[in-house]
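Student: Residue 1 is where the sequence shown starts when you use the working numbering, and the numbers rise one by one after that.
Don't be surprised by glycine CBs; every beta carbon is placed ideally from N, CA and C.
Take a look at the following structure, please.
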Amino acid sequence: MLLLPSCSKQRQLADNLTRQSGRWNIDNYKVTITTTDLPPDVTEYGDSGYMYFFSNGDGQWIDLKDPDEFIFIEFEWDITDDNALQIRYNNEEFNFLFEVNEKDRQVIVYEETVALTEEIDVTTRIEYELLRIE
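Laid out in structure tokens, this is it:
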């Protein structure tokens, strides 16, 4: 019986992100905001930019959602002990969960809930569907 070290899943996730120069098209970007007792507010953009993941832990995000505005963000990234993709920039950390982890397709999701009052919560869910650029 072969036992693999616990970091092997982390290594597989990182290797997949950086394979073939680590270039990914943001095929779909979706933000869902859900407030207690209200219907969800969903905003979705197709073909909205690029993400690059480099093996040294650096990354780049080119946001093209608004055709009149070019946004370029440099970030640092790694895979956490619980196999989440942690992206750090602007003194903030965002842990994205892998909903899909395939060779040429990734779906990563970040979710945060804030209590506005004792009865009202607002949950923001950000989902990126990434397709490998060959």
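How big is the Cα-Cα spacing for E93 and D58?
Tutor: By one-based count along the sequence shown, residue 93 stands at place 93. By one-based count along the sequence shown, residue 58 stands at place 58. Distance between the alpha carbons of E93 and D58 is about 14 Å.
Student: Nearest to D82 by CA position, among R88, Q106, N91, L97, is which residue?
Tutor: In the sequence shown, residue 82 corresponds to position 82, counting from 1. Minimum Cα distance to D82 is reached at L97.
Student: Can you round the beta-carbon distance between I126 and Y110 to whole angstroms, since I take them to be within the 8 Å contact cut?
Tutor: Position 126 of the sequence shown holds residue 126. Position 110 of the sequence shown holds residue 110. Right, the Cβ-Cβ distance comes to about 5 Å (below 8 Å), so this counts as a contact.
Student: Roughly how many whole angstroms lie between the Cα atoms of T157 and Q10?
Tutor: Because the chain is modelled from 1 through 134, residue 157 falls outside the range shown and cannot be assessed.
Student: Could you tell me the alpha carbon to alpha carbon distance between L130 and S55, rounded to whole angstroms?
Tutor: One-based indexing of the sequence shown puts residue 130 at position 130. One-based indexing of the sequence shown puts residue 55 at position 55. Roughly 18 Å separates the two Cα atoms.
Student: When burial is assigned at 16 or more other CB atoms within 10 Å of the CB, is F75 buried or exposed?
Tutor: Locating residue 75 in the sequence shown gives position 75, counting from the first residue. Classification of F75: buried, given that the 10 Å Cβ count is 16 or more.
Student: How many Å lie between T18 and A84 at the Cα?
Tutor: As a position in the sequence shown, residue 18 is number 18, starting the count at 1. As a position in the sequence shown, residue 84 is number 84, starting the count at 1. Whole-angstrom Cα-Cα distance: 15 Å.
Student: Could you tell me the boundaries of the beta strand (DSSP E) in which A14 lies?
Tutor: Residue 14 sits at position 14 when you count from the first residue of the sequence shown. Element bounds for A14: not the beta strand (DSSP E) but the alpha helix (DSSP H), 8-18.
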